[in-house]
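Visitor: Just so we're aligned, residue 185 is where the sequence shown starts under the numbering used here, counting upward by one.
No residue lacks a Cβ here, since even glycine has one placed at the ideal position from N, Cα and C.
Model, not experiment: these values are computed from the prediction.
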Amino acid sequence: MRKATWMMTERLIGIKVGLAISRDWKMGSGDFEIWRWSQSEVIVGVDFVERFTGEERNKKREGIHPIRFISFSVEAAIKRYQFDVQVQNISRLCHAKPIVTVNGKFPGPTIYVQEGDRVLVNVTNHAQYNMSIHWHGLKQYRNGWADGPAYITQCPIQRGNSYTYDFNVTGQRGTLWWHAHILWLRATVYGAIVILPKQGTPYPFPQPNGEFEILLGEWWNNDVEAVVNQGSRMGVPPNMSDAHTINGKPGPLFPCSEKHTFAMEVEAGKTYLLRIINAALNDELFFAIAGHNMTVVEVDAVYTKPFTTQAILIAPGQTTNVLLQANQAPNRYFMASRSFMDVPIPVDNKTATGILQYRGIPNTILPILPQLPASNDTSFALSYNKKLKSLNSPQYPANVPLEVDRKLFYTIGLGQNDCPTCLNGTQLVASLNNISFVMPQIGLLQSHYFNISGVFRTDFPDRPPTPFNYTGAPLTANLRTAVGTRLSKIAFNSTVELVLQDTNLLTVESHPFHLHGYNFFVVGTGIGNFNPAKDPAKYNLVDPVERNTVGVPTGGWTAIRFRADNPGVWFMHCHLEVHTGWGLKTAFVVEDGPGKDQSILPPPKDLPPC
Numbered sequence: 185m186r187k188a189t190w191m192m193t194e195r196l197i198g199i200k201v202g203l204a205i206s207r208d209w210k211m212g213s214g215d216f217e218i219w220r221w222s223q224s225e226v227i228v229g230v231d232f233v234e235r236f237t238g239e240e241r242n243k244k245r246e247g248i249h250p251i252r253f254i255s256f257s258v259e260a261a262i263k264r265y266q267f268d269v270q271v272q273n274i275s276r277l278c279h280a281k282p283i284v285t286v287n288g289k290f291p292g293p294t295i296y297v298q299e300g301d302r303v304l305v306n307v308t309n310h311a312q313y314n315m316s317i318h319w320h321g322l323k324q325y326r327n328g329w330a331d332g333p334a335y336i337t338q339c340p341i342q343r344g345n346s347y348t349y350d351f352n353v354t355g356q357r358g359t360l361w362w363h364a365h366i367l368w369l370r371a372t373v374y375g376a377i378v379i380l381p382k383q384g385t386p387y388p389f390p391q392p393n394g395e396f397e398i399l400l401g402e403w404w405n406n407d408v409e410a411v412v413n414q415g416s417r418m419g420v421p422p423n424m425s426d427a428h429t430i431n432g433k434p435g436p437l438f439p440c441s442e443k444h445t446f447a448m449e450v451e452a453g454k455t456y457l458l459r460i461i462n463a464a465l466n467d468e469l470f471f472a473i474a475g476h477n478m479t480v481v482e483v484d485a486v487y488t489k490p491f492t493t494q495a496i497l498i499a500p501g502q503t504t505n506v507l508l509q510a511n512q513a514p515n516r517y518f519m520a521s522r523s524f525m526d527v528p529i530p531v532d533n534k535t536a537t538g539i540l541q542y543r544g545i546p547n548t549i550l551p552i553l554p555q556l557p558a559s560n561d562t563s564f565a566l567s568y569n570k571k572l573k574s575l576n577s578p579q580y581p582a583n584v585p586l587e588v589d590r591k592l593f594y595t596i597g598l599g600q601n602d603c604p605t606c607l608n609g610t611q612l613v614a615s616l617n618n619i620s621f622v623m624p625q626i627g628l629l630q631s632h633y634f635n636i637s638g639v640f641r642t643d644f645p646d647r648p649p650t651p652f653n654y655t656g657a658p659l660t661a662n663l664r665t666a667v668g669t670r671l672s673k674i675a676f677n678s679t680v681e682l683v684l685q686d687t688n689l690l691t692v693e694s695h696p697f698h699l700h701g702y703n704f705f706v707v708g709t710g711i712g713n714f715n716p717a718k719d720p721a722k723y724n725l726v727d728p729v730e731r732n733t734v735g736v737p738t739g740g741w742t743a744i745r746f747r748a749d750n751p752g753v754w755f756m757h758c759h760l761e762v763h764t765g766w767g768l769k770t771a772f773v774v775e776d777g778p779g780k781d782q783s784i785l786p787p788p789k790d791l792p793p794c
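(1) Within 10 angstroms of its Cβ, does Asp467 collect 16 or more other Cβ (buried), or is it exposed?
(2) Rounded to a whole number of angstroms, what is the C-alpha to C-alpha distance between Asn515 and Thr535?
(3) Return the residue from the list Gly777, Arg745, Val408 and Arg731 that minimises the CA-CA distance to Asp589.
(4) Taking the continuous alpha helix (DSSP H) assigned at Ala565, which residues delimit it?
(5) Could you tell me the alpha carbon to alpha carbon distance between Val412 and Asn406, rounded to whole angstroms?
(6) Whole-angstrom Cβ separation of Thr642 and Ser672, contact assumed at under 8 angstroms?
(7) For the segment 532 to 549 against the segment 563 to 583, do three or more pairs of beta-carbon atoms, one drawn from each stretch, fall closer than 8 angstroms, so that the two count as touching?
(8) Determine the DSSP secondary structure at Gln414, reduced to helix, strand or coil.
(9) How many angstroms separate the CA atom of Ala558 from the CA atom of Pro528?
(10) Looking at the secondary structure, which residues open and close the beta strand (DSSP E) in which Thr456 lies?
(11) Could you pull the start and end residues of the alpha helix (DSSP H) that His763 belongs to?
(12) Within 10 angstroms of the Cβ of Glu482, are there 16 or more other Cβ atoms? Answer buried if so, exposed if not.
(13) With a 10 Å radius around its C-beta and 16 neighbouring C-beta atoms as the bar for buried, classify Phe652 as buried or exposed.
(14) Ends of the beta strand (DSSP E) at Leu304?
(15) With respect to the beta strand (DSSP E) encompassing Tyr542, which residues constitute its N-terminal and C-terminal limits?
(16) Under 8 angstroms by Cβ, that's how I've got Phe755 and Pro333 pegged, so tell me the actual separation to the nearest angstrom.
(17) Quick check for students: name the residue ranges of the beta strand (DSSP E) that lie wholly in the segment 704 to 746, counting only runs of 3 or more.
(18) Starting from Tyr633, trace the alpha helix (DSSP H) both ways and give me its first and last residue.
(19) Nearest to Glu167 by CA position, among Asn560, Pro624 and Thr679, is which residue?
(20) Pull up the CB-CB distance for Thr687 and Asp526, whole angstroms please, since I reckon it's below 8 angstroms.
(21) With DSSP collapsed to three states, give me the class of Ala558.
(22) Buried or exposed for His759, going by 16 or more other Cβ atoms inside 10 Å?
(23) Whose C-beta lies closer than 6 angstroms to the C-beta of Ile295 among residues of the same chain, with five residues either side of it excluded?
(24) Tell me the DSSP secondary structure of Val531 in three-state form.
(25) Which full runs of the beta strand (DSSP E) of 3+ residues lie inside the segment 655 to 708, going along the chain?
(26) Cutting at 6 angstroms between CB atoms, please list the residues of its own chain near Lys591, excluding the five before and the five after it.
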């Protein structure tokens with residue numbers, strides 16, 4: 185390990201790996217201060233770098249986050265991080281409770297990498313729960329061993345043990361995120377991933393003067409796992425969250441939360457890139473900043489055609505990058521986040537707030553509140569999503585599959601299965617094509633790679649067993665589902681079209697679906713029943729938005745296309761944690777290709793045992 189060299193004096197805490205660097209100016213923000221490095225290597229695993237003037241130090245104490253700008257000057261590097269999963273007492277909403285964290289931080293540390301980097305994250309589990317981490321949106325080509333969902337691509341990391349996630353960031357740049365992928369632990373175990381473009385590659389939009397990560401989440405006063413277990417025992421939904429949060433803080437509209445408010449400082453006349461992540465477990469969210477429009481330039485780490493909006497809609501698992509111009513009268517403005525739900529289902533409809541503060545404005549001025557869309561504003565949701573289109577430039581083309589080898593049609597439904605110990609003798613379940621997924625006891629990827637029989641079947645149906653009027657009057661009879669660990673086998677390099685159809689089983693509802701290991705193109709969406717004879721003619725096959733997580737509208741359908749060129753076992757599930765727990769999930773087994781670089785890589789030696 186070589187000693188770091190500095191151009192100025194500062195306080196450096198918690199370096200896990202030090203490489204020769206020098207720094208020419210500060211970019212700091214919050215708990216993780218980042219600097220611009222002027223030489224060819226990058227320090228990684230920095231827990232805290234601090235160098236503040238007296239004014240900046242006072243602002244930090246007041247909770248105001250100064251401007252951040254990030255720039256690495258390397259083509260490719262190895263970035264190493266140490267994640268210590270540990271329990272930490274955190275105070276919110278007037279009382280403290282122990283929560284599971286990474287490195288004692290809530291939210292956890294941001295992973296900063298550059299396109300082309302190799303990343304090694306050593307996760308050591310000191311908590312009482314088994315743990316796994318998913319790097320949401322990273323494609324993990326041939327390398328499902330680093331994907332992270334427990335019992336899908338690995339067995340979890342047991343208490344006292346470690347596992348190193350070793351992966352390459354290839355062909356991706358933008359904002360993604362990481363989170364626990366076992367139980368409901370991602371309620372507090374999550375953080376951002378910032379992937380910078382290769383050196384010398386500019387953004388395809390105006391260069392911002394600074395940037396901020398904004399992670400939207402949920403908070404429960406009670407222990408989250410206890411809340412989930414109580415719901416499971418009774419066969420009913422668990423209690424909803426007690427607050428929404430912005431960067432782990434609910435904001436001053438909640439009791440005892442004036443000090444638990446995220447604030448960011450901007451300078452008049454400058455432009456900022458906001459990297460917004462919905463890390464909430466169960467809520468689609470609106471987000472807006474009072475008095476300011478935002479220009480959407482990227483979703484799920486894929487550049488989009490820019491468009492301006494007063495508010496964004498973001499589903500659990502999704503990321504959205506926006507440009508914000510500090511072009512209003514210098515003042516203090518609230519940013520706010522609140523649920524979108526267009527059916528009468530109980531949700532946490534309370535509003536989380538943070539503060540956008542212009543430099544030089546005192547903290548005593550009361551912020552201005554934004555106007556968010558109504559919580560059931562379906563027209564805004566449909567209109568907003570319709571505006572999302574891939575940039576489709578020569579440098580960033582939209583390679584949409586025009587011909588389809590395999591057509592799949594999956595219905596999304598809720599149901600009730602027998603449960604003698606539950607309330608009313610039934611428990612709520614969820615299904616795809618009337619099959620509620622049963623989690624295995626060992627990793628599906630291991631069982632596939634080593635040809636272990638009896639773990640799963642590959643007979644998941646391409647379409648529902650019995651067609652019906654999917655979006656008619658709610659169906660409340662014959663709601664039992666089949667159960668099993670049933671997967672769909674996909675030929676390597678085949679093109680796939682999947683239509684996800686919401687149904688009226690119990691109730692229609694919107695569902696955000698995430699596919700691991702892939703991006704896909706959202707070629708069509710609509711309200712009502714999908715019509716295979718008419719609707720494909722309306723597909724956008726030129727510049728559809730490319731994502732890894734897509735919302736299926738309430739009482740409607742969404743069609744996606746992708747090329748199955750990443751061999752492995754890849755999870756697909758609703759990103760509403762309550763529905764995933766009820767069985768609204770499945771997986772694709774993508775077969776190896778014929779080439780030497782088209783098969784699953786061997787498992788790492790430290791893969792956690794079952």
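Guide: For this structure:
(1) Working through the sequence shown from its first residue, we reach residue 467 at position 283. Answer is buried; the Cβ neighbour count reaches 16.
(2) The sequence position of residue 515 within the sequence shown is 331, counting from 1. The sequence position of residue 535 within the sequence shown is 351, counting from 1. Cα-Cα distance, rounded: 21 angstroms.
(3) For the purposes of this step, residue 589 is taken as residue 405 along the sequence shown, with counting starting at 1. Per the Cα distances, Arg745.
(4) The count along the sequence shown starts at 1 and reaches residue 565 at position 381. From DSSP, the alpha helix (DSSP H) with Ala565 extends over Thr562 to Lys571.
(5) Start at 1 with the first residue of the sequence shown, and residue 412 comes out as number 228. Start at 1 with the first residue of the sequence shown, and residue 406 comes out as number 222. Roughly 10 angstroms separates the two Cα atoms.
(6) Numbered from 1 along the sequence shown, position 458 holds the residue referred to as residue 642. Numbered from 1 along the sequence shown, position 488 holds the residue referred to as residue 672. Yes, they are in contact, since the Cβ atoms of Thr642 and Ser672 sit about 7 angstroms apart, within 8 angstroms.
(7) The segment 563 to 583 and the segment 532 to 549 do not touch, with fewer than three beta-carbon pairs separated by less than 8 angstroms.
(8) What you label residue 414 is simply residue 230 of the sequence shown in a count that begins at 1. It is helical.
(9) On the sequence shown, residue 558 is found 374 positions in, with the first residue counted as 1. On the sequence shown, residue 528 is found 344 positions in, with the first residue counted as 1. Each residue's alpha carbon lies about 14 angstroms from the other.
(10) Position 272 of the sequence shown holds residue 456. In the sequence under discussion, the amino acid at residue 456 is Tyr, which differs from the Thr named in the question. From DSSP, the beta strand (DSSP E) with Tyr456 extends over Thr455 to Asn462.
(11) Looking up residue 763 in the sequence shown gives position 579. Taken as a continuous stretch (DSSP letters only), the alpha helix (DSSP H) holding His763 covers Glu761 to Gly765.
(12) As a first step, residue 482 must be located in the sequence shown, where it is residue number 298. Counting the other Cβ atoms within 10 Å of the Cβ of Glu482 gives 16 or more, which makes it buried.
(13) Along the sequence shown, one-based indexing puts residue 652 at 468. So Phe652 ends up on the exposed side.
(14) Residue mapping note: residue 304 aligns to position 120 of the sequence shown, counting from 1. Leu304 -> beta strand (DSSP E) spans Arg302 to Asn309.
(15) On the sequence shown, position 358 is the one that residue 542 refers to. Looking at the DSSP string, the run of the beta strand (DSSP E) that includes Tyr542 is Ala536 to Tyr542.
(16) Position 571 of the sequence shown, counting from 1, holds the residue named residue 755. Position 149 of the sequence shown, counting from 1, holds the residue named residue 333. Confirmed, Cβ separation roughly 5 angstroms.
(17) Correct list: 704 to 711 and 733 to 736.
(18) For the purposes of this step, residue 633 is identified with residue 449 of the sequence shown, where counting begins at 1. Where Tyr633 is concerned, the enclosing alpha helix (DSSP H) stretches over Leu628 to Tyr633.
(19) No statement about residue 167 is possible, as the shown extent of the chain runs from 185 to 794 and does not include it.
(20) By 1-based counting over the sequence shown, the position of residue 687 is 503. By 1-based counting over the sequence shown, the position of residue 526 is 342. For Thr687 against Asp526, the beta-carbon gap comes to about 16 angstroms, at or over 8 angstroms, which does not count as contact.
(21) Residue 558 sits at position 374 when you count from the first residue of the sequence shown. It is coil, neither helix nor strand.
(22) As a working note, residue 759 is residue 575 in the sequence shown. The residue is buried, with at least 16 neighbouring Cβ atoms inside 10 Å.
(23) Here residue 295 corresponds to residue number 111 of the sequence shown, with the count starting at 1. Only Ile377 meet the Cβ criterion.
(24) Within the sequence shown, residue 531 is the residue found at index 347, counting from 1. Coil, per DSSP.
(25) The qualifying runs are 666 to 668, 672 to 674, 679 to 686 and 695 to 699.
(26) Within the sequence shown, the letter at position 407 stands for residue 591. Around Lys591: Glu681.
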